[in-house]
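Engineer:
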Amino acid sequence: MIRERARPVAGRRGAITIALANQKGGVGKTTSAVSLSVALAAGGYRVLLVDIDPQGNATSSLGIEKTDLERTIYDLLVGDAAADLIAIPTGRERLKLLPSAPELAGAEVELVSMSARESRLKSGLDAIRNDFDLIFIDCPPSLGLITVNALTASDLVLVPIQCEFLALEGVGQLITTIDLVRRQLNPSLDIIGVLMTMYDGRTRLSQHVVNEVRNYFPERIFREVIPRSVRLAEAPSYGQAIIEYDGPSRGAVAYRAVAAELLERLGLPPMIPVQAANEDRNQNIAGLAAAAAGTGGDAFQEGAAQ
Ligand code: ATP
Ligand code: MG
8 MIRERARPVA GRRGAITIAL ANQKGGVGKT TSAVSLSVAL AAGGYRVLLV
58 DIDPQGNATS SLGIEKTDLE RTIYDLLVGD AAADLIAIPT GRERLKLLPS
108 APELAGAEVE LVSMSARESR LKSGLDAIRN DFDLIFIDCP PSLGLITVNA
158 LTASDLVLVP IQCEFLALEG VGQLITTIDL VRRQLNPSLD IIGVLMTMYD
208 GRTRLSQHVV NEVRNYFPER IFREVIPRSV RLAEAPSYGQ AIIEYDGPSR
258 GAVAYRAVAA ELLERLGLPP MIPVQAANED RNQNIAGLAA AAAGTGGDAF
308 QEGAAQ
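The working numbering applies: residue 8 is where the sequence shown begins, and numbers increase by one.
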């Protein structure tokens, strides 16, 4: 048993809500949302992960079968279903999920003619905000109405940026959208941080991109960067977050460090260490998975100098 969080979020009513947004595809939004949610729940926080991407990758990354779902975030956005009826347990202590499903793709169009179309997610989440300490929203790779709903419902935005050529392309457009939402819908919206993902210490490009982004966001960039790691890419196919799939791996260590840095930035107490018994279980699972995959570790990372 992991202890309940020792210290409540002082002087605050309701969860702090953080959208993971970048309209560029495949930059690590879902991996970051899932890894941070699982790490922080294991560390004692009550977390809700909101999968608002029609691809439903956060839902399946947690090992949840999309076809078995009775209700999804679609029913909240387009219907009037209450969030507490949609939120499902994930098999992890303190972590719940508002799951997504493919029909959400239609919501982008259906929302256009609806009243309060930008704030439907916010209204839905308001009803359950007090049940959680932190809410993470995994956005789709677009700046349409779904992402606008996520930004309107959030206190903060976390922007994952992949360490690749033209990494900053499109970031200006994202900032413009955040500014628009701030001016018209959500005056206190701010960027909590920019997270560099898929860093490959063997290439000059990765370091160059980190430097470039650091010049652009000197205050906002997270100290920790996420390494490119085969283990991180494998974990979702086992329905596990990296800290469950391979706790000691570089990716897991990095995401735990980002979770700690995030708490620091939010002025929240540090995580409670995951109990040893829990780690044993995860190591066993990781061991079995590695044996099945015919790999003993993070082969891709060997020799990486990050
Ligand atoms: P989308 O825009 O399609 O929603 P995304 O921004 O959510 O994508 P992810 O799904 O998290 O990005 O990551 C894209 C792909 O890269 C996935 O297959 C994921 O497993 C893999 N991946 C994510 N982070 C890493 C990493 N640090 N190292 C290696 N692979 C990674
Ligand atoms: Mg995604």
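Glycine included, each C-beta is placed from N, C-alpha and C at the ideal position.
Could you check where the alpha helix (DSSP H) with D197 kicks off and where it finishes?
Structural biologist: The continuous stretches of alpha helix (DSSP H) do not include D197, which lies in the beta strand (DSSP E) extending over residues D197 to T204.
Engineer: State the Cα-Cα distance for the pair T154 and A88, rounded to the nearest angstrom.
Structural biologist: 19 Å
Engineer: Return helix, strand or coil for Q180, following the three-state DSSP convention.
Structural biologist: helix
Engineer: Give the secondary structure of P243 by DSSP, where H, G and I count as helix, E and B as strand, and everything else as coil.
Structural biologist: The three-state reading of DSSP puts P243 in helix, counting H, G and I together.
Engineer: Which term fits M121, buried or exposed, when burial requires 16 or more other beta carbons within 10 angstroms of its beta carbon?
Structural biologist: exposed
Engineer: What is the DSSP secondary structure of D82, counted as helix, strand or coil?
Structural biologist: helix
Engineer: For my contact list, F229 and V265 are in at a C-beta cut-off of 8 Å; report their separation, rounded to the angstrom.
Structural biologist: 6 Å
Engineer: Would I279 and G51 be called neighbours here (beta carbons separated by less than 7 Å)?
Structural biologist: yes
Engineer: Fully enclosed by the segment 118–179, which alpha helix (DSSP H) runs are 4 residues long or longer?
Structural biologist: 127–133 and 152–159
Engineer: Just to confirm the assignment: which complete alpha helix (DSSP H) runs, minimum length 4, are found wholly within the segment 208–260?
Structural biologist: 211–223, 237–241 and 249–252
Engineer: Which residues mark the beginning and the end of the beta strand (DSSP E) in which T24 is found?
Structural biologist: In this chain, the beta strand (DSSP E) harbouring T24 covers I23 to L27.
Engineer: Kindly indicate which three-state DSSP category I93 falls into: helix, strand or coil?
Structural biologist: Looking at I93 - three-state DSSP - the assignment turns out to be helix.
Engineer: Whole-angstrom Cβ separation of A108 and L69, contact assumed at under 8 Å?
Structural biologist: Rounded, the Cβ-Cβ distance is 14 Å, inconsistent with contact.
Engineer: Is T37 close to ligand 1? I mean its beta-carbon at under 6 Å from any heavy atom of the ligand.
Structural biologist: yes
Engineer: Using only the alpha-carbon positions, how far apart do A242 and T38 sit?
Structural biologist: 9 Å
Engineer: Quick check on D58: does DSSP put it in helix, strand or coil?
Structural biologist: strand
Engineer: Report the three-state DSSP secondary structure of L187 (helix, strand or coil).
Structural biologist: helix
Engineer: Flag this pair as touching only if the segment 27–36 and the segment 142–150 have three or more C-beta atom pairs under 8 Å; answer yes or no.
Structural biologist: yes
Engineer: I'd like to confirm something about T154: is its beta-carbon nearer than 6 Å to some heavy atom of ligand 1, or not?
Structural biologist: Checking every heavy atom of ligand 1 against the Cβ of T154, none is found closer than 6 Å.
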